[in-house]
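Chains as they are written, first to last, in my numbering: chain F, 9 to 357; chain B, 9 to 357. Beta carbons: idealized from backbone N, C-alpha and C, even for Gly.
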């Protein structure tokens, strides 16, 4: 498996999307967020998505030169209409707006509607944490999971993310789908040709399956924690799809083949500035203390280490920033192909 | 099992706490929230708690005449210090403050620290939904669960609740512990002398157990969805315990015997006014649509009905408002005892 440096991977991806008409800043942002996912080991949301995004632009499903409209802009809230933009670009803008507003008001939220894939959702709360703020993000998407106990695709895997700034420790970063796993992990398994654990998905009959293709094309993911995961997904749907004025639930098209069918999502970004509650440094030190309490737990039998949310990803990021990002042969070839097709020099080092 | 009407149960409970020195409005509020839990079938947070609250007052663990202090009161945020008050009383006040602020700013949050048990957490978001607002609530509590993979008690079951106002449908109400079940369910099983499912808890060695006493006094609850439930609990801890300036993590005393040991919690209440995003009626109708989409799902084999979050509880509430609340013999006798001890007429009808 070839390992590539993040700089050259970013440059390649940005070059591809710039060549397809995206403004330079937008192309850079897409590359930044995708490569950050690869660095953190969230490969399902990294450069494996490039070929899909390229296909969506070609098919008119993703608008690389959108007119993003600010529908409302009040001191503590805003609403954005995305015009089928790169979800990543609008998500970053929305979180930045939420952070600015929270800096003044203490808390703020921004909704986004009618954008495509927003990439690794944890990226946006991490922006807030880097700025000393608390960030939350959630979004809906193509109907793929049935309600708990049902068998009609109704909601997406509706991910949820949150980040908290620490002082000497890494920030706490939760980034999770409300399904047992993210749909991207099924697609990655299918791409790699490996079976999936029996707990991840159901087949067309509602029976657990190890076949990622069966699960992707005919079956369903399972909810994390059963009805609890479904309940959280419902909350995510209401805050992102319903409150944004965007599409929600069964009104969102199903999307089985990433890049070849419409992918419309809505999202919700929230920021809180702890400075309005206590000195920022005090809050950061309190988060340090929480992290250290968790790390100080005795380990259960057979467990090598207790991890705080996001910790494994920060470790992997340090390792991959040093040693390079391992790309699967499939992704490597996809990148080579889109580079050739868009006239971008294929140089990964 | 005797069935009692909610009015007489409320009057009895309010009478007991008024007799113990609580201001009349506060006693009424505690009775209102406990009986609402009984009505909704959340018995673990209903009148089964009365004897424990009484004991806490007697032991000086719960202050029935607190000086609740408003530490900060800004347009979009507030912080309350609870002086070991009834958590229920301060929680209701905090959510009311968040609702008022959100009505003006669109979004607001209020933290609470140093209160006792806050009762059924879903009550407070439901207040928001009754007012046409979105409500969220979360709180921490006594360390009882280890981090995922650990065996040192570090966090509480850290519940999370959210509610969304509908138009013709019942509101969506999610009310969940981040553990597989709430600790109250273990205590209720112990009180009833019935075994618990093997998935609920671990014994002192970290092995699944069906013995609620072993789990309560020596073992641990399990997290919903494994590391995902632990991740959400961490977010709840950071927003409630850390942001409130209250105790968090291992600094919160363990509490094994409800009513006889300190129970200190911190909480976070958030409200969003959809009117700042779209006409309120439009938002309500969109929630209706989401509810109906979920209800319209085909059922999986062997499943009798697909439920929206909170729906089962609304059904049970209608049934119990009509037929009365079934009280276990243990709870009935506890109520009789505290009524006698506080000189309140024991009249349940």
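task = Decide if residue 81(F) is buried, meaning its Cβ has at least 16 other Cβ atoms within 10 Å, or exposed.
result = Counting from 1 along the first chain, the entry for residue 81(F) is found at position 73. By the neighbour-count rule (16 or more Cβ atoms within 10 Å), residue 81(F) is not buried but exposed.
inquiry  = Taking the beta carbon of residue 146(B) as the centre, do at least 16 other beta carbons fall within 10 Å, making it buried, or is it exposed?
reply    = Taking the second chain and counting its residues from 1, the one referred to as residue 146(B) is at position 138. With 16 or more other Cβ atoms within 10 Å, it is buried.
request  = Just list the alpha helix (DSSP H) runs in the segment 211-270 of chain F, keeping only unbroken ones of 4 residues or longer that don't cross its boundaries, in chain order.
outcome  = Counting only runs of 4+ residues, the alpha helix (DSSP H) found wholly inside the segment 211-270 of chain F occupies 220-225 and 235-245, in chain order.
query = Which of the three DSSP states, helix, strand or coil, is assigned to residue 350(F)?
reply = In the first chain, the residue the question calls residue 350(F) occupies position 342. In this structure, residue 350(F) counts as helix in the three-state DSSP scheme.
key: Own chain partners of residue 14(B) with C-beta closer than 7 Å, once the 5 adjacent residues on each side are dropped   = Numbered from its first residue, the second chain carries residue 14(B) at position 6. So the list reads 43, 47, 329 and 333, once near-sequence residues are dropped.
ask   = When DSSP builds the beta bridges, which residues end up paired with residue 67(F)?
value = The residue labelled residue 67(F) in the question sits at position 59 within the first chain. For residue 67(F), which the question treats as bridged, DSSP gives no partner whatsoever.
message = Which same chain residues end up closer than 6 Å to residue 114(F) when comparing Cβ atoms and leaving out the 5 residues on each side of it in sequence?
response = Along the first chain, read from residue 1 onward, the residue named residue 114(F) stands at position 106. If we look at residue 114(F) and ignore the five residues flanking it on each side, its Cβ neighbours are 281 and 284.
task = Give the residues from the segment 244-266 of chain B that approach chain F closer than 9 Å (Cβ to any Cβ), ordered along the chain.
result = 245, 246, 247, 249, 250, 251, 252, 253, 256, 257, 258 and 259
query = Interface residues of chain B around residue 64(F) at Cβ under 9 Å?
reply = Working through the first chain from its first residue, we reach residue 64(F) at position 56. Going along chain B, no residue has its Cβ under 9 Å from residue 64(F), so there is no contact; the nearest lies around 26 Å.
request  = Would you mind listing the beta strand (DSSP E) stretches within the segment 129-211 of chain F that are 3+ residues and don't spill past its ends, in chain order?
outcome  = Within the segment 129-211 of chain F, complete beta strand (DSSP E) segments of at least 3 residues are found at 142-147, 168-172 and 180-184, given in chain order.
Buried versus exposed, by CB contacts within 10 Å (16 or more), residue 262(F) = Your numbering for residue 262(F) matches position 254 in the first chain. Residue 262(F) comes out exposed.
query = Using Cβ-Cβ distances below 7 Å, what residues of the segment 132-162 of chain B are close to chain F?
reply = 154, 155, 157, 158, 159, 160 and 162
request  = Spatial neighbours of residue 206(B) within its chain, please: CB distance less than 8 Å, with the 5 preceding and 5 following residues excluded, ordered by chain position.
outcome  = The residue labelled residue 206(B) in the question sits at position 198 within the second chain. Counting only Cβ-Cβ distances below 8 Å, and skipping sequence neighbours, we find 216, 217 and 218.
task = With 7 Å as the threshold, decide whether the Cβ of residue 84(F) is near any Cβ in chain B.
result = Here residue 84(F) refers to the residue found at position 76 of the first chain. Yes, contact with chain B.
query = Looking only at DSSP bridge pairs, what is residue 61(B) linked to?
reply = Translated into the one-based positions of the second chain, residue 61(B) becomes position 53. Bridge partners of residue 61(B) according to DSSP: none are assigned.
task = Report the neighbours of residue 172(B) on chain F: residues whose CB is nearer than 7 Å to its CB, in chain order.
result = The count along the second chain starts at 1 and reaches residue 172(B) at position 164. The answer, in chain order, is 246.
request  = Measure from the C-beta of residue 285(F) to each C-beta in chain B and report whether the shortest distance is under 7 Å.
outcome  = Counted from its first residue, the first chain places residue 285(F) at position 277. With 7 Å as the cut-off, residue 285(F) counts as an interface residue toward chain B.
query = So what's residue 121(F) in DSSP terms, helix, strand or just coil?
reply = Taking the first residue of the first chain as 1, we reach residue 121(F) at position 113. Looking at residue 121(F) - three-state DSSP - the assignment turns out to be strand.
task = Starting from the beta carbon of residue 179(B), find every residue of chain F whose beta carbon is closer than 7 Å, and list them in chain order.
result = For this step, residue 179(B) is matched to residue 171 along the second chain. Under the 7 Å cutoff, chain F gives no residues; its nearest Cβ is about 10 Å from residue 179(B).
inquiry  = Nearest by alpha-carbon distance to residue 231(B): which of 237(F), 313(F), 190(F) and 179(F) is it?
reply    = Numbered from 1 along the second chain, position 223 holds the residue referred to as residue 231(B). When each option's Cα is compared against that of residue 231(B), the closest is 237(F).
query = In terms of alpha-carbon separation, which member of 51(F), 105(F), 153(F) and 108(F) lies closest to residue 127(F)?
reply = As a working mapping, residue 127(F) is identified with position 119 in the first chain. Here the closest residue by C-alpha is 51(F).
query = Can you tell which of 31(B), 38(B), 150(B) and 142(B) has the C-alpha that lies nearest to the C-alpha of residue 266(B)?
reply = Reading the second chain from its first residue, position 258 is the one you call residue 266(B). The option with the nearest alpha carbon to residue 266(B) is 150(B).
key: Contacts of residue 307(B) in chain F (Cβ-Cβ under 8 Å)   = Numbered from its first residue, the second chain carries residue 307(B) at position 299. Near residue 307(B) (Cβ distances below 8 Å), the residues of chain F are 157, 158 and 159.
request  = Could you tell me the distance, in whole angstroms, from the CA atom of residue 351(F) to the CA atom of residue 185(B)?
outcome  = The residue labelled residue 351(F) in the question sits at position 343 within the first chain. The residue labelled residue 185(B) in the question sits at position 177 within the second chain. Rounded to whole angstroms, residue 351(F) to residue 185(B) spans 53 Å at the Cα level.
message = Taking 7 Å as the threshold (C-beta atoms), are residue 169(B) and residue 133(B) in contact?
response = By 1-based counting over the second chain, the position of residue 133(B) is 125. By 1-based counting over the second chain, the position of residue 169(B) is 161. Going by C-beta atoms, residue 133(B) is nearer than 7 Å to residue 169(B).
ask   = For residue 212(F) and chain B, any beta-carbon pair shorter than 7 Å?
value = For the purposes of this step, residue 212(F) is taken as residue 204 along the first chain, with counting starting at 1. Residue 212(F) does not count as touching chain B.
ask   = Quick check: the segment 268-278 of chain B against the segment 153-160 of chain B, are there 3 or more CB pairs under 8 Å?
value = no
message = Just to confirm before moving on: does the CB-CB distance between residue 177(B) and residue 299(B) stay below 7 Å?
response = In the second chain, counting from the first residue as 1, residue 177(B) sits at position 169. In the second chain, counting from the first residue as 1, residue 299(B) sits at position 291. In this structure, residue 299(B) lies closer than 7 Å to residue 177(B) by Cβ.
inquiry  = Quick check on DSSP: helix, strand or coil for residue 282(F)?
reply    = Counting from one through the first chain, the residue named residue 282(F) turns up at place 274. Residue state, collapsed to three classes: helix.
ask   = Where residue 250(B) and residue 106(F) are concerned, what is the direct C-alpha to C-alpha distance, given to the nearest angstrom?
value = Working through the second chain from its first residue, we reach residue 250(B) at position 242. Working through the first chain from its first residue, we reach residue 106(F) at position 98. Approximately 21 Å, taken between the alpha carbons.
inquiry  = Strictly by DSSP, which residues pair up with residue 333(B)?
reply    = Working through the second chain from its first residue, we reach residue 333(B) at position 325. 12(B), per the DSSP bridge assignment.
task = Using three-state DSSP, classify residue 323(F) as helix, strand or coil.
result = Here residue 323(F) is taken as the residue at index 315 of the first chain, counted from 1. It is helical.
task = Kindly list the residues whose CB is nearer than 8 Å to the CB of residue 194(B), restricted to its own chain and excluding five residues on each side of it in sequence; keep chain order.
result = Numbered from 1 along the second chain, position 186 holds the residue referred to as residue 194(B). Taken in chain order, the residues that qualify are 204, 208, 209, 220, 223, 224 and 229.
ask   = What residue range is occupied by the uninterrupted alpha helix (DSSP H) comprising residue 112(B)?
value = As a position in the second chain, residue 112(B) is number 104, starting the count at 1. 95-113 is the extent of the alpha helix (DSSP H) around residue 112(B).
task = Quick one: residues in its chain with C-beta nearer than 6 Å to the C-beta of residue 344(F), no 5 flanking neighbours on either side, listed in chain order?
result = Along the first chain, one-based indexing puts residue 344(F) at 336. The residues are 354.
message = Let me make sure I understand the geometry here. Which of 286(B), 336(B) and 67(B) has the alpha-carbon closest to that of residue 9(B)?
response = In the second chain, counting from the first residue as 1, residue 9(B) sits at position 1. Comparing Cα-Cα distances from residue 9(B) to each of 286(B), 336(B) and 67(B), the minimum goes to 336(B).
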